[in-house]
Amino acid sequence: MAKKIIIAVVIGFASIKLFSFIRRKSIAYRHHKRAQQKRSERDSKTITLPEVEKSKQDYILSLHAYELADAIKSGKVTAVEATSTYIYRAYTLGRKFGLTTEEPYEAALELAYQRDQQLKESPETCGILHGVPISLKDIFSQKGCCSTAGLACKLSKMDTEDCYLLEILKEEGAIPFARSNIPQALMWMETDNDIYGRADNPWNPEFSTGGSSGGEGGLLACRASPLGIGSDIGGSIRIPSSFCGVYGFKTTAGRVSTKNVMVSHPSGVNPFAFVVKSVSGPMARCVKDMELVLKAWWQEKYFAKDFALCPLAFNEEMYTNAYKSKSLRIGYFFDLDNFECCPAIRRGVRECRDALKKLGHTLVEFHFPNSKKALNLYMRNVSACSNRVLLDAMQGEEPAKFYKPGFFLVEHPWIKKIIMQILQMTNNQRLYDLLNISQNLTPAEYIELFREINDYVQEFTNYWQSLQLDVVISPAYGTVATPHAEGFKVASSLIYSTVWNILGYPAGVIPVGIVKENETEYISKVNDLITKNAKAITKNSSGLPIGVHVASLPYRDEVALGVMKQIEDEINFHQFAF
Numbered sequence: 024m025a026k027k028i029i030i031a032v033v034i035g036f037a038s039i040k041l042f043s044f045i046r047r048k049s050i051a052y053r054h055h056k057r058a059q060q061k062r063s064e065r066d067s068k069t070i071t072l073p074e075v076e077k078s079k080q081d082y083i084l085s086l087h088a089y090e091l092a093d094a095i096k097s098g099k100v101t102a103v104e105a106t107s108t109y110i111y112r113a114y115t116l117g118r119k120f121g122l123t124t125e126e127p128y129e130a131a132l133e134l135a136y137q138r139d140q141q142l143k144e145s146p147e148t149c150g151i152l153h154g155v156p157i158s159l160k161d162i163f164s165q166k167g168c169c170s171t172a173g174l175a176c177k178l179s180k181m182d183t184e185d186c187y188l189l190e191i192l193k194e195e196g197a198i199p200f201a202r203s204n205i206p207q208a209l210m211w212m213e214t215d216n217d218i219y220g221r222a223d224n225p226w227n228p229e230f231s232t233g234g235s236s237g238g239e240g241g242l243l244a245c246r247a248s249p250l251g252i253g254s255d256i257g258g259s260i261r262i263p264s265s266f267c268g269v270y271g272f273k274t275t276a277g278r279v280s281t282k283n284v285m286v287s288h289p290s291g292v293n294p295f296a297f298v299v300k301s302v303s304g305p306m307a308r309c310v311k312d313m314e315l316v317l318k319a320w321w322q323e324k325y326f327a328k329d330f331a332l333c334p335l336a337f338n339e340e341m342y343t344n345a346y347k348s349k350s351l352r353i354g355y356f357f358d359l360d361n362f363e364c365c366p367a368i369r370r371g372v373r374e375c376r377d378a379l380k381k382l383g384h385t386l387v388e389f390h391f392p393n394s395k396k397a398l399n400l401y402m403r404n405v406s407a408c409s410n411r412v413l414l415d416a417m418q419g420e421e422p423a424k425f426y427k428p429g430f431f432l433v434e435h436p437w438i439k440k441i442i443m444q445i446l447q448m449t450n451n452q453r454l455y456d457l458l459n460i461s462q463n464l465t466p467a468e469y470i471e472l473f474r475e476i477n478d479y480v481q482e483f484t485n486y487w488q489s490l491q492l493d494v495v496i497s498p499a500y501g502t503v504a505t506p507h508a509e510g511f512k513v514a515s516s517l518i519y520s521t522v523w524n525i526l527g528y529p530a531g532v533i534p535v536g537i538v539k540e541n542e543t544e545y546i547s548k549v550n551d552l553i554t555k556n557a558k559a560i561t562k563n564s565s566g567l568p569i570g571v572h573v574a575s576l577p578y579r580d581e582v583a584l585g586v587m588k589q590i591e592d593e594i595n596f597h598q599f600a601f
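According to this note's numbering, the sequence shown is numbered sequentially starting from 24.
Here it is as structure tokens:
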């Protein structure tokens, strides 16, 4: 009798497990089919564009966004010609490199015709971005589109209105024409999802565009967009900008509207962002183009419609002083304890330092306060709920390959313990520390994390102010663009971008050069798996772009932007993949 009961229990347990497995696979399959259908529908579409002479196309592509706006207003080109030119680039190169998601080209052309008519009939009403095509990361609500956050489960709901930051840009004359690719559920440094596939770096398709605004970085790099909008909670604007050789800016939290900006979690709230805020910002091919976007957003007339906004208009005086001054106090550093930079990036920071010093600025070596603590705080915040947040967001969709190792270790804690013991025994302390961070936090531990973050921000800011600094220049990331699916192997290098999210400081990235043939050997004082991975990652990096980071104190965004403009004028990097 007892034997029969045991057998019945075992069979019952196995049946439940089998049913659960089949149900999960069935849900995942439905999501996959929906993703395939969406991609197939997009790829089957063709478009007929107004004819634009080749010479005029070349002229349009040679212009920065601010120059394009002037050319349209002066009648040298039309909004239709500009939009048509960029649609063709996005339709061809965007698809080729996996950079685009939805393609609202017809709506963009219709709006372009309206812009040209507006210029004829009432030029005084034209905004500062009149006629300029812009691309948007696929999280910004756009009427008639489907903001997915890289998730198939979001495909069933269309956007019914524009998010407020897009509404402002359209009010200023911009023409949203393309939407850019992102990682599944956004929280990764590689742009790939089951709907639109993987984004390849136009500089070298074997390498990543970064994430999560990777599609945006790629579109700008191959001149398939003149101007883009991304978002950043851990480097998601700045890492792709660095990897793709373009400009990007993470604003101070509260200065750009988050109204109707998609988050991956079904609750509509980003659980990671209670302390470390997600912010939106411009991505472009020069500093002045980013300035144009910020001037559009930061006008007093737009603050009343979103009371969550900090009513702080663009400070022209602050920006001009930072740009024109030759007597700023500028901090700099080359490396952090967590991860030593590759030689090319160190050179990039050094060249910026020397150029600024030559202009007359005071350059101060910045001894970064406890970078290991900073990375620990960031990783504890994003992993506080373990994998629950990501799994909730996916709603049964099959996780992307880059998430699976982490999910596996959470589901099999005994294997994680064995791996951690091996890492300690083999002197892989950095990997051990990263694995040790990833764990659930109790409410009391979460409150303690808040306190630790506040204490760290105060410690860091006190040190900054003791040096009386205006900005700090530093590496944008520990390496240049990484080969596909390899970025997680040097996860410690995230510290160069994530720390500024912990601090809440505004920061931008500026391209300053490309990797030389003699800069592909990675050297580190630490001999562990991360160093071994970094050596392999940088071995074939010749010719990839180098990014340098500029940060300022909160609500001093214009200061960072002004210094970036000085660097741009001195370094003069305006190269593109195509």
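The C-beta atom is built at its ideal place from N, Cα and C for all residues, glycine as well.
Computed from a prediction, not measured in an experiment: that's the story for all the values here.
Identify every residue that forms a DSSP beta bridge with residue i.
i    : result
S158 : A201 and G251
A583 : A583 pairs with nothing; no bridge assigned.
S497 : H572
T561 : T561 is not bridged to any residue.
C355 : First, the residue type needs correcting, since residue 355 is Tyr and not Cys in the sequence shown. DSSP, once it has assigned bridges, lists E388 and I496 as partnering Y355.
P263 : In DSSP, P263 forms no bridge with anything.
I537 : P568
R221 : D215
S303 : S254
Y578 : For Y578, which the question treats as bridged, DSSP gives no partner whatsoever.
Y13  : With the chain represented from 24 up to 601, any question about residue 13 goes unanswered, as that position is not in the structure.
P506 : F230
V532 : G271 and H572
F362 : L359
Provide the residue span of the alpha helix (DSSP H) that contains residue i, from first to last.
i    : result
P436 : P436 to M448
A135 : Y128 to E144
Q165 : It is not in any alpha helix (DSSP H) - Q165 carries neither H nor E in the DSSP assignment.
S520 : I518 to L526
S547 : Careful: S547 lies outside any alpha helix (DSSP H) and carries neither H nor E.
C333 : Note, C333: premise wrong, no alpha helix (DSSP H); not H, not E.
N459 : Q452 to I460
L315 : V310 to W320
R370 : P366 to L382
E607 : Here the chain has residues from 24 to 601 only, and residue 607 is not among them.
R246 : Neither: R246 is in no alpha helix (DSSP H) and is coded neither H nor E.
E190 : Y187 to E194
A3   : Lying outside 24 to 601, the shown extent of the chain, residue 3 is not represented and no answer is given.
D415 : R411 to M417
Q80  : K77 to S85
M402 : S394 to V405
Pull up the CB-CB distance for residue i and residue j, whole angstroms please, since I reckon it's below 8 Å.
i    : j    : result
K424 : A508 : 7 Å
K160 : S203 : 5 Å
I218 : G268 : Their Cβ separation, rounded to whole angstroms, is 26 Å, which puts I218 and G268 out of contact at 8 Å.
R403 : L446 : Not really, about 19 Å apart at Cβ, beyond 8 Å.
V284 : S164 : 7 Å
F599 : L116 : Incorrect: roughly 11 Å between the Cβ atoms, too far for contact.
A130 : P156 : Contact doesn't hold; Cβ gap of about 12 Å is too wide.
G240 : F266 : 6 Å
A201 : A113 : 4 Å
S497 : R261 : Not quite, the Cβ-Cβ distance comes to about 11 Å (not below 8 Å), so this is no contact.
Sort the options by Cα distance to residue i and report the nearest one.
i    : options                   : result
F389 : M402, S406 and R352       : R352
T214 : A499, K143 and T124       : T124
E542 : C364, Y528, F330 and V279 : C364
G258 : G271, S248 and L567       : G271
V302 : S350, I252, F599 and V310 : I252
Y401 : Y342, Q444, R376 and Q462 : Q462
M181 : N293, I162 and L243       : I162
I533 : P199, I460, G371 and L454 : G371
I151 : A94, S170 and G238        : A94
S264 : A345, V32 and A530        : A530
L492 : A583, E468 and L552       : A583
M587 : R57, T521 and A499        : A499
T343 : R579, L86, I83 and G35    : R579
K539 : Y455, K548 and L567       : L567
Y479 : W523, P436, S516 and L464 : W523
A135 : T108, K512, Q418 and L122 : T108
By the DSSP assignment, the beta strand (DSSP E) with residue i in it spans what residues?
i    : result
L386 : T385 to E388
P466 : Element bounds for P466: not the beta strand (DSSP E) but the alpha helix (DSSP H), P466 to S489.
S231 : N227 to S231
I151 : Note, I151: premise wrong, no beta strand (DSSP E); not H, not E.
G277 : Run containing G277: none; DSSP gives neither H nor E here.
P422 : Counting along the chain, P422 falls outside any beta strand (DSSP E), and DSSP gives it neither H nor E.
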